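Residue numbers (the working numbering), protein chains in the order written: chain Y, 52 to 385; chain V, -16 to 296; chain H, 35 to 386.
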Amino acid sequence: MGRYVIRRLLQAVLTLFFVLFLLHYLLSLAIQVNGNPARTFFGDKPATPEQIAAVEAKFGTDDPCLDRLGDPCLGMFQQRMADWMTLDFGTNFDGYAVTDEIVRAVPPTLILFAISTSVWVLFGVTTGVLAAMKRGRFFDYLVRAGTTFTVAVPTFLLLVITQQLVGVSLGNWARDTFGRESVLGIVFQPSYDDRYPFLSLLVPGILLGAFGIAGITRLSRTSMLENLRADFVRTAKAKGLTSRRVTIVHTLRNSLIPVITLVGFTLADALGGTVITEGIYSIPGMGGLAYNATRENDLPVVIAIVAILSVCFMVVTLLIDLLYAVLDPRIRYE
Amino acid sequence: MSSDINERVVEGIDEERERPQRAAGLWRDAIRDLRKRPTVIISLLIILVVLAIGFFPSLFTDVDPKACDISRNKAPAEPGHPFGFSHEGCDYFAQTVYGAGPSVQLSLMVVTGTLIVGGLFGILAGFYGGWVDVLFSRAVDVFNSIPFLLGAILLLTMFRDIQMPFVGARLQAIIPAVITLIIFGWTSTMRLVRASVIEARNLDYVHAARSLGASNARLMFRHILPNAVAPVVSLIPLSIAGMISVEATLSFLGLGVRKPEITWGLMIDDATKWFVNGYPMLLIIPSAFLIATVLAFVLLGDAIRDALDPKLR
Amino acid sequence: MTVELDRQGSHNGYVEGLPGYRDDAPLLEVEDLQVEFHTRDGVARAVNGVDFSLRAGETLAVVGESGSGKSVTAQAIMGILEEPPARVAGGEIRFRGVDLLKLSAERRRRIRANHVAMVFQDALSALNPVWTVGFQLGELFRKHRGMSRKDARRRAVELLDMVRIPAAAQRVDEYPHQFSGGMRQRVMIAMALALDPEVLIADEPTTALDVTVQAQIMRLLSDIQAERHMGLILITHDLGVVADVADDITVMYAGRAVEQANVRDTFASPAHPYTKALLRSIPRLDVKGQRLEVIAGLPPVLTDIPPGCAFAPRCGYAQDVCRTERPPLSTVTAGRSAACHFASEVMTDDVN
Ligand SMILES: Nc1ncnc2c1ncn2[C@@H]1O[C@H](COP(=O)(O)OP(=O)(O)OP(=O)(O)O)[C@@H](O)[C@H]1O
Ligand code: SF4
Ligand SMILES: [Mg+2]
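Structure below.
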């Protein structure tokens, strides 16, 4: 187990290094191809070379390697890594420290993420498992049709439509009936309200969770189906255990192990979903920040966010792998 | 029970002949199974229509989708204009028809690209193993660590203003997205192909062919690839579905195709604010087309997967 | 070395007082058992009319080609068929006179492991990979006997000891995949014997094992059986083992019992052409995958069993009557029965 953990950690560090380098290289390449963002800063106004140089220095884009197409800018990479280590992510176009912007954006994203992930895991696993146990019956068909539908309808579309229906129509009704400051009035609103972060994130969080449910539901279902006909389940029945115990101790426990690996993969989707959701509901989180930065072409912000989210994602994947090793006794010795 | 028996009988047959027979049996059964399903037929019809619309929109409407008359904005349907007019006064039917193109073309290009790149890397990694495998597998790790949509957003933000030579405006609008999506999309195909190549590599008839002196290239493409195809085939419709979704999402975010080009994603973006304000059809029409298209591909993919792997049904 | 288990009288006390219970009734009787599977290709009649009875201390061998319904019969007795697709379409399974098929699910459950237990073929897949061996053994004592975790663990160690697993006290905390094939099968046997059942069904208990280990496992099983005076139903393809350990034999073909007698008589002069063919093929029987070449032709498709004798297409003795009239299982000589129109001819015909 110890060696497995160490190997896995080393692997993660190496991957992290390459991810960061890739991001850095892409950013350098973008500047080399598109021209120095310092020039965009002045728009159509004419600027003297001195002025441009000053702005370049401010943005940290004054390295001459940025003028040579394809140059990996290793010196800059070193500098950038050193800065990032100290949590310094540079300044955005408006001259604010990116780090501050990000720190402010973390809480709403975390709340949104917590809500959607809980919905997603609890609801997804439960429906998948129940569908497997009621295989071939109405509930099973319902779940399968439902998951197919959520796979087929793009998340942004579901979010837009539900935002209009829940946030605007239902919300207007709730605000007219119970008042603007009532709980329902706050819960059913089309955008974020920074006075009530949790309440106003409830609906988008639940919706995001529910719309991402297909993968986990299907995997829970197939995994459960596979185990339901496993030999050891038959043994458990032959041992005269109650069907409850056979299901929970000898089927469910086994079935959830592969589901855990999926949590890692789908987390990536959820991160993407966060960007969309925060954009649509104007939530000032990491995704919202990235969404706006994208629209304004503010590269340092975009890249910092992508880097941070990628790191989070890697950490979670690592934890999940380790958890998997703990839960499945067979893996330690492989 | 009789298939169980047939299988045991077949086990005795010389290995070189066994493979094509089994693979062919698998496909024959799968196709027979697929032909019986109404969802498959309906999905295929929808897919054919959408492909036709996507590549030859002018066959379906004479109206120019970009000829707009703002005085007719949001006007209801009338003869010759079955879907009415957009909020900019453009013919909504023509817009819907022309809006299919970017999605369809982009998704086909992306899926072809990921199949080529992912398939090639997967075969190499699975067949050679060793450091080749390590190299490609680590590369997959790196790309998988950047969440798909975030990576796509990042790349598209960075390179969206590049002007490409020799490319028309329409292609210009989708090529960056195609490249980006291939860059972040090849990993799943690669892993799938790698896994089935590793499995196929260890089959007896491959050993037999190898001992008879078949070259590496011949082994890979004649013997191993045909076996690795099945899992990939059901992935194709599903990836196309995914890419159509992603294209719509990117246009909606302002990163994919941009105005004045027309796509369903952009139409949806524009129509959002009118949905609860008296003009729900503006949103419903492009959404319905988008959903029907994606659903058709998803159902087809699911059906193929089920047919090839009946035990999961 | 064995450990004396505390017996509560001669049984575990879940069947007395149930309808039909008689202390002197035969241990287990199966009568005209019929099991069908409802599949997409139609109804497969996997078991259609099996009869046998088992006395305490007796070993009954059940043999027959792959797919002849041996395992399905065993699972029907245990009550662990998956329903649907399976359905017990008829017949009776009486334990000490109590028809198990008429009991409520809850009563049926308590009979499993307490009175009738089963050893499965492939112990690796029959043991749950994510729980320790000690947990899986101890579970029986905790759930059926209400023991504490600690006591249950102690009993698990005793059981492992009984099935001759060295260093049982340490190995009790290991997972199934950490055991060798033979050791795993011992664990399975320990599990089946934990609650001291009167009937043990062993479904090909040694097929998955090395030849050298097979003998050890069989010896362990028959030692324990003799010691506890259990009834043992031994499903096997190994006619050598049958000759060694079994008292009676039931030969199955296409879901029916086609011959029933004591082992010595049957081996000396089989009364059914199928048994005869089976015996001819002894040397190759234990090799998996070759079983089919042994007797020319294939068994009938179970969704579409032809009228008459199911063996007729492959039978050298077949006459016209065989293709129209199904031969019932009937007495040939005292204590022997066969389902063949020409049983006496077959028995006396010494062309082997
Ligand atoms: N779940 C099921 N669904 C459909 N048919 C089944 C099912 N389980 C068993 N059968 C059928 O019942 C028949 C009898 O199977 P069974 O497992 O009892 O054979 P067996 O005599 O134990 O063979 P073997 O020697 O291979 O173990 C087989 O033809 C099998 O195909
Ligand atoms: S009844 Fe006829 S076909 Fe059947 S075993 Fe006897 S002789 Fe052969
Ligand atoms: Mg069997």
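By construction, the Cβ of each residue, glycine as well, lies at the ideal position given by its N, Cα and C atoms.
Just so we're clear, the structure is a prediction, and the values are computed from it rather than from any experiment.
Contact belief for residue i with residue j at Cβ below 8 angstroms, rounded distance in angstroms
{"i": "Ile166 of chain Y", "j": "Leu252 of chain Y", "result": "6 angstroms"}
{"i": "Thr408 of chain Y", "j": "Thr178 of chain Y", "result": "Residue 408 of chain Y lies beyond the residue range present for chain Y, which begins at 52 and ends at 385; the question has no answer from this structure."}
{"i": "Ile53 of chain V", "j": "Gly72 of chain V", "result": "4 angstroms"}
{"i": "Ile153 of chain Y", "j": "Ala321 of chain Y", "result": "Not a contact, Cβ separation roughly 19 angstroms."}
{"i": "Gln155 of chain H", "j": "Ala242 of chain H", "result": "6 angstroms"}
DSSP-derived helix/strand/coil call for residue i
{"i": "Phe280 of chain V", "result": "helix"}
{"i": "Met181 of chain H", "result": "coil"}
{"i": "Gln4 of chain V", "result": "Reliability of the predicted coordinates at Gln4 of chain V is poor, the pLDDT of 48 falling under 50, and no value is obtained from them."}
{"i": "Thr95 of chain V", "result": "helix"}
{"i": "Ser87 of chain H", "result": "strand"}
{"i": "Asp356 of chain V", "result": "A query on residue 356 of chain V cannot be resolved here, the shown segment of chain V reaching from -16 to 296 and no further."}
{"i": "His70 of chain V", "result": "coil"}
{"i": "Val366 of chain H", "result": "strand"}
{"i": "Leu268 of chain H", "result": "strand"}
{"i": "Asp45 of chain V", "result": "coil"}
{"i": "Thr168 of chain Y", "result": "helix"}
{"i": "Val197 of chain H", "result": "coil"}
{"i": "Leu138 of chain V", "result": "helix"}
{"i": "Glu116 of chain H", "result": "coil"}
{"i": "Thr142 of chain Y", "result": "strand"}
{"i": "Ala358 of chain Y", "result": "helix"}
{"i": "Arg79 of chain H", "result": "strand"}
{"i": "Glu50 of chain H", "result": "coil"}
{"i": "Ala108 of chain V", "result": "helix"}
{"i": "Arg205 of chain H", "result": "helix"}
{"i": "Glu379 of chain H", "result": "helix"}
{"i": "Ala148 of chain Y", "result": "strand"}
{"i": "Glu173 of chain H", "result": "helix"}
{"i": "Glu61 of chain V", "result": "strand"}
Endpoints, beta strand (DSSP E) assigned at residue i
{"i": "Gln294 of chain H", "result": "Arg290 to Asn296"}
{"i": "Ser371 of chain H", "result": "Arg370 to Ala372"}
{"i": "His72 of chain H", "result": "Leu62 to Thr73"}
{"i": "Leu234 of chain H", "result": "Val233 to Asp237"}
{"i": "Val97 of chain H", "result": "Thr93 to Val97"}
Where the alpha helix (DSSP H) through residue i begins and ends
{"i": "Asp118 of chain Y", "result": "Run containing Asp118 of chain Y: none; DSSP gives neither H nor E here."}
{"i": "Val122 of chain H", "result": "No alpha helix (DSSP H) contains Val122 of chain H, which is instead part of the beta strand (DSSP E) from Ala120 to Phe129."}
{"i": "Val285 of chain H", "result": "Segment Asp282 to Tyr287 is the beta strand (DSSP E) holding Val285 of chain H; no alpha helix (DSSP H) there."}
{"i": "Val106 of chain H", "result": "Lys104 to Met112"}
{"i": "Thr213 of chain Y", "result": "Thr206 to Thr213"}
{"i": "Phe68 of chain Y", "result": "Gly53 to Asn85"}
{"i": "Pro220 of chain V", "result": "Leu208 to Phe235"}
{"i": "Ile258 of chain H", "result": "Val245 to Arg262"}
{"i": "Asp57 of chain H", "result": "Neither: Asp57 of chain H is in no alpha helix (DSSP H) and is coded neither H nor E."}
{"i": "Ser120 of chain V", "result": "Gly113 to Ser128"}
{"i": "Asn162 of chain H", "result": "Here Asn162 of chain H belongs to no alpha helix (DSSP H), and DSSP marks it neither H nor E."}
{"i": "Thr358 of chain H", "result": "Asp354 to Thr358"}
{"i": "Thr337 of chain H", "result": "That residue, Thr337 of chain H, is in no alpha helix (DSSP H); it is neither H nor E in DSSP."}
{"i": "Ala203 of chain Y", "result": "Phe189 to Ala203"}
{"i": "Val276 of chain H", "result": "Leu273 to Val279"}
Check: residue i C-beta below 7 angstroms from any heavy atom of ligand 4
{"i": "Ser105 of chain H", "result": "Among the ligands present in this structure, namely ligand 1, ligand 2 and ligand 3, ligand 4 is not found."}
Counting beta carbon pairs with one atom in the segment 207 to 227 of chain Y and one in the segment 235 to 254 of chain Y, are three or more of them shorter than 8 angstroms?
yes
Can you give, in chain order, each stretch of the beta strand (DSSP E) that sits fully within the segment 133 to 160 of chain H and has at least 3 residues?
150 to 153
Three-pair Cβ contact test at 8 angstroms for the segment 53 to 71 of chain H versus the segment 125 to 141 of chain H:
yes
List, from N- to C-terminal side, the alpha helix (DSSP H) runs of 4 residues or more that fit wholly inside the segment 286 to 348 of chain Y.
294 to 298, 304 to 331 and 337 to 346
Length at least 3, wholly inside the segment 208 to 250 of chain Y: the beta strand (DSSP E) runs in chain order
none
Quick check: the segment 296 to 305 of chain H against the segment 376 to 383 of chain H, are there 3 or more CB pairs under 8 angstroms?
yes
Ordered list of beta strand (DSSP E) runs contained in the segment 172 to 204 of chain V, each at least 3 residues
none
If we count Cβ pairs, one from each stretch, closer than 8 angstroms, do we get three or more for the segment 159 to 179 of chain H versus the segment 249 to 256 of chain H?
no
Is the segment 184 to 200 of chain V close to the segment 255 to 273 of chain V, with three or more CB pairs under 8 angstroms?
no
At least three beta-carbon pairs within less than 8 angstroms, the segment 105 to 119 of chain H to the segment 88 to 95 of chain H
no
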